[in-house]
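Be aware that the sequence shown starts at 1, since it is given in full-length UniProt numbering, and climbs by one per residue.
Positions of the beta carbon are idealized from the N, C-alpha and C atoms, including for glycine.
These numbers were taken from a predicted model, which means no experiment stands behind them.
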Amino acid sequence: MPLSLSLSLTHSSHVELHYTEGDLVDVSGITIGKGFQGGIKRHNFKRGPMTHGSKSHRALGSIGAGTTPGRVYKGKKMPGRMGGTKRKIRKLKIVKVDDELNVVMIKGAVPGIKLKMGRGRKRNNKVV
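Pasting the structure below:
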């Protein structure tokens, strides 16, 4: 697996004091925003039939019952903004600690855009 992201720390802290190679860390960050997306991409809904006179290929379909309950339930999965939320990836392994550059190299997928600083937390729940 390729190395994914390098976490930088503040100027005053030294990496080797907090992290060692082989440690497991939790990394949190803001996921990549994807803008307004439909139900198929956002919630993995199935498409409608593409032939035989169908008019709704990627439309949602029904969003509720009828007169009873007479409303749409809270939390109904519908199209909307996708991404841009805070996510935490657990148990990522530290591959290399570079004190000269003040950088920690982590193996695995890290939420967010490239070169964006995430927040690392050791598995014993100490914030660094």
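Inclusion of Val-27 and Leu-92 in the CB contact set at 8 Å is warranted, their separation being smaller than that value. With fewer than 16 neighbouring CB atoms inside 10 Å of its own CB, Ile-113 falls in the exposed class.
The three-state secondary structure of Gly-39, taken from DSSP, is helix. Assigned with DSSP and collapsed to three states, Val-110 falls in coil, not helix or strand.
DSSP lists no bridge partner for Leu-115.
Using a C-beta cut-off of 8 Å, the segment 26–43 makes contact with the segment 79–87, since at least three inter-stretch Cβ pairs fall below that distance. Apart from the 5 residues on each side of it in sequence, Gly-48 sits with its Cβ closer than 6 Å to the Cβ of Ser-54, Ser-56, His-57 in its chain, given in chain order.
Put simply, the backbone Cα of Gln-37 is about 6 Å away from that of Pro-79.
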